[in-house]
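Remarks on the structure that follows.
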Amino acid sequence: MKVTLIDYGAGNVASVERALQRLGAESQRAAAPESLGSAEALILPGVGHFAALIRALDERGLRAPLLKALRRGVPFLGICLGLQALYDSSEEAPELHGLRIFHGRIRALPASVKLPHMGWNQLRLVGKSRLLQGIAPEAHFYFAHSYAVAADTTAHSVATCTHGSEFLAVLEQDNINAVQFHPEKSGAPGAQLLSNFLRLAA
Amino acid sequence: MTLVHRIIPCLDTDGARVVKGVNFVGLRDAGDPVVLAARYNAEGADELVVLDIAASRDRRPTFLETIRRVAAELAIPLTAGGGIRTLDDARAVVRAGADKITVNTAAVVRPALIAELSGEFGAQAVVLAIDAKRTSDHWEVMVRGGRDATGIDALAWAEQGVSLGAGEILLTSVDRDGTQQGFDIQLTSAIACVVSVPVIASGGAKLPEHFAEVFHDGAADAALAASIFHDSVQPIRGLKEFLAARSIEVRLPC
Numbered sequence: 033m034k035v036t037l038i039d040y041g042a043g044n045v046a047s048v049e050r051a052l053q054r055l056g057a058e059s060q061r062a063a064a065p066e067s068l069g070s071a072e073a074l075i076l077p078g079v080g081h082f083a084a085l086i087r088a089l090d091e092r093g094l095r096a097p098l099l100k101a102l103r104r105g106v107p108f109l110g111i112c113l114g115l116q117a118l119y120d121s122s123e124e125a126p127e128l129h130g131l132r133i134f135h136g137r138i139r140a141l142p143a144s145v146k147l148p149h150m151g152w153n154q155l156r157l158v159g160k161s162r163l164l165q166g167i168a169p170e171a172h173f174y175f176a177h178s179y180a181v182a183a184d185t186t187a188h189s190v191a192t193c194t195h196g197s198e199f200l201a202v203l204e205q206d207n208i209n210a211v212q213f214h215p216e217k218s219g220a221p222g223a224q225l226l227s228n229f230l231r232l233a234a
Numbered sequence: 059m060t061l062v063h064r065i066i067p068c069l070d071t072d073g074a075r076v077v078k079g080v081n082f083v084g085l086r087d088a089g090d091p092v093v094l095a096a097r098y099n100a101e102g103a104d105e106l107v108v109l110d111i112a113a114s115r116d117r118r119p120t121f122l123e124t125i126r127r128v129a130a131e132l133a134i135p136l137t138a139g140g141g142i143r144t145l146d147d148a149r150a151v152v153r154a155g156a157d158k159i160t161v162n163t164a165a166v167v168r169p170a171l172i173a174e175l176s177g178e179f180g181a182q183a184v185v186l187a188i189d190a191k192r193t194s195d196h197w198e199v200m201v202r203g204g205r206d207a208t209g210i211d212a213l214a215w216a217e218q219g220v221s222l223g224a225g226e227i228l229l230t231s232v233d234r235d236g237t238q239q240g241f242d243i244q245l246t247s248a249i250a251c252v253v254s255v256p257v258i259a260s261g262g263a264k265l266p267e268h269f270a271e272v273f274h275d276g277a278a279d280a281a282l283a284a285s286i287f288h289d290s291v292q293p294i295r296g297l298k299e300f301l302a303a304r305s306i307e308v309r310l311p312c
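As given, the protein sequences belong to chains A and B, one line each in that order. Numbering (this note's numbering) for the first sequence: 33 to 234. Numbering (this note's numbering) for the second sequence: 59 to 312.
Set out below in structure tokens:
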């Protein structure tokens, strides 16, 4: 199996690629619509601004083939913005539509805490997780974001994290998986999570 | 469940090799950045910073290659900087594998650079490095490796940098740098009080107590050091165990 990394110009594509390499997984980058058609497993890495991701997906004509692949049941992993993009919209760029697979709006974390939420934090398990299998419950993951899905927005959450308020950290629904943190930068637990995704996708 | 305090080793390089020395005087070789990066990744460092302290144009390709080789070793975030003056400079560093970019002198010369970088990569990728030196009643921003005074107030600059889009402040006390007498707690807490973003304290670390102090009293979110880690004067694992025993939240990888 080969993993297709959706390459819309985000900074962390290469990091994800390297993390997969370390796991011995084959990957290829896809920046054109036709390359999503035959994808066996998809990862949407993302970091930075919601608008940058959504605009890039639309400018490159990737929205429709991506939605089609998701409907076809292709195993998918969204990372950081790649999770946020699955929702209706974001306060960060209110004029843009997300992929609208899940409903709700991405909101800014409360200003009562330091933002961005940057660094290593722990999760709270709220459901049975495939992605977190074999990972110690007290493991830390690396976060770098200021916006998030409020914990009560979504029914598909399997783990949350708290920084000022509780927010969605891990989502699993059929073939769709997404994480708010960066598994590619989260040491051994991050590698285990990616390896769990590869096993699900195989 | 809380955001932990980060321990960040810093590799000062001449582009290719890790070097030690103050203000480019008496530089001596302190090792291969790739070997050190792999070691820190395994020892539980929370991030790594790699700087090109020479930042000369003709050695740039060498530094980019160093970033590539270092990034290949890391499963933790990598910040790179030194000599980033334009968006294109930053793009090259990010393409080579850096997750964050740090800017210092070039941002003082042209503050709009911060907004440009933040617009392209997001605030979480822009680390504003501030070298501050105490003068009579305030702290002054120093540039060019801490050598030149600017007359700019460090607190005001930190606030301005954050409003322009910096997502983190890497704060170095020029007074404490290289002294091994501990972080400048007053400076760190003063900056941490005025900005809404995380602050990385730097300059003066030697003992585990220094780290406890800067997290506890200095309100730092992260602490950075170089030679004490390179020379294994202070192993990272031991440092984190020391902090954990004092109820300071840290990440202890299994």
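Ideal placement from N, C-alpha and C gives every residue a C-beta, glycine not left out.
Backbone CA spacing between I50(B) and A103(B) [nearest angstrom]: Absent from the model: residue 50(B). The displayed extent of chain B is 59 to 312, so no value can be given.
I'd like to confirm the pairing. Which residues does DSSP put opposite S121(A) in its beta bridges? R137(A)
Whose CA, out of D275(B), I210(B), R75(B) and R295(B), lies closest to the CA of T124(B)? R75(B)
Between which two residues does the alpha helix (DSSP H) containing C251(B) stretch? I243 to V252
Excluding the 5 residues preceding and the 5 following L94(B) in the sequence, name in chain order all residues of the same chain whose CB lies nearer than 7 Å to its CB. L69, V76 and H288
Taking all protein chains shown into account, do 16 or more other C-beta atoms lie within 10 angstroms of the C-beta of T60(B), making it buried, or fewer, making it exposed? exposed
Would you say A156(B) and G219(B) are within 8 Å of each other, going by their C-beta atoms? no
From this set, R127(B), G276(B), P266(B) and G261(B), which residue's C-alpha is nearest G203(B)'s C-alpha? G261(B)
Counting C-beta neighbours from all protein chains within 10 Å, is the total for C251(B) 16 or more, i.e. buried, or is it exposed? exposed
Could you tell me the distance, in whole angstroms, from the CA atom of A281(B) to the CA atom of L102(A)? 42 Å
Note down, in chain order, every chain A residue with its Cβ under 7 Å from the Cβ of E226(B). M150
Whole angstroms are fine: how far does the CA of G222(A) sit from the CA of W152(A)? 11 Å
Delimiting residues of the alpha helix (DSSP H) encompassing V151(B): L145 to A154
Selected residue, minimal CA-CA separation from R104(A), among G69(A), L94(A) and G114(A): G69(A)
Opposing strand residues paired with R132(A) [DSSP bridges]: Looking at the DSSP assignment, R132(A) forms no beta bridge with any residue, so it has no partner.
Please compile the residues from chain B whose C-beta is within a distance smaller than 9 Å of the C-beta of S178(A). G180, A181, Q182 and G225
Measure the alpha-carbon distance for L274(B) versus S247(B) and round it to whole angstroms. In the sequence as presented, Leu is not what sits at residue 274(B); that position holds His. Approximately 10 Å, taken between the alpha carbons.
Quick one, which of D279(B), R205(B) and A154(B) has its alpha-carbon nearest E226(B)'s? D279(B)
Give the residues of chain A in contact with V62(B), contact being defined as C-beta atoms less than 9 Å apart. G151, W152, N153, Q154 and H172
Which of the three DSSP states is assigned to V161(B) in this structure? strand
Look up T137(B) in the DSSP assignment and give the residues it is bridged to. V107(B) and K158(B)
Cβ shell of R61(A) (< 7 Å), same chain only, five flanking positions each side left out: L37, D39 and V45
Identify every run of the beta strand (DSSP E) within the region 136-178 of chain A, keeping only runs that are complete inside it and at least 3 residues long; order them along the chain. 137-140, 149-154 and 172-177
For my contact list, G196(A) and P142(A) are in at a C-beta cut-off of 8 Å; report their separation, rounded to the angstrom. 4 Å
Determine contact between the region 166-185 of chain A and the region 200-217 of chain A, defined as no fewer than three beta-carbon pairs at a distance below 8 Å. yes
Look at the alpha carbon of P126(A) and the alpha carbon of Q239(B), and state the distance between them as a whole number of angstroms. 49 Å
Which residue wins for smallest C-alpha separation from A51(A), given the options A129(B), F121(B), D72(B) and L122(B)? A129(B)
Inter-stretch contact at 8 Å, needing at least 3 Cβ pairs: the region 157-176 of chain B / the region 177-194 of chain A: no
Against A46(A), what residues of chain B qualify as contacts under a CB-to-CB distance less than 8 Å, listed in chain order? A129, R153 and G155
Would you kindly report the start and end of the unbroken beta strand (DSSP E) that includes G225(B)? Per DSSP, G225(B) belongs to no beta strand (DSSP E) and is neither H nor E.
Sequence-distant residues of the same chain with beta carbon closer than 6 Å to K31(B), five excluded per side: Because chain B here runs from 59 to 312, residue 31(B) falls outside it and cannot be looked at.
Against chain A, with Cβ distances strictly below 8 Å, would V108(B) count as a contact? no
Alpha-carbon spacing of P107(A) relative to P65(A), whole angstroms: 17 Å
State the beta-bridge partners of L282(B) as determined by DSSP. I66(B) and S260(B)
C-beta neighbour in chain B for V79(A), strict 8 Å: yes
Going along chain B in order, which residues have a C-beta closer than 9 Å to the C-beta of K217(A)? E105, L132, A133, I134, P135, L136 and D157
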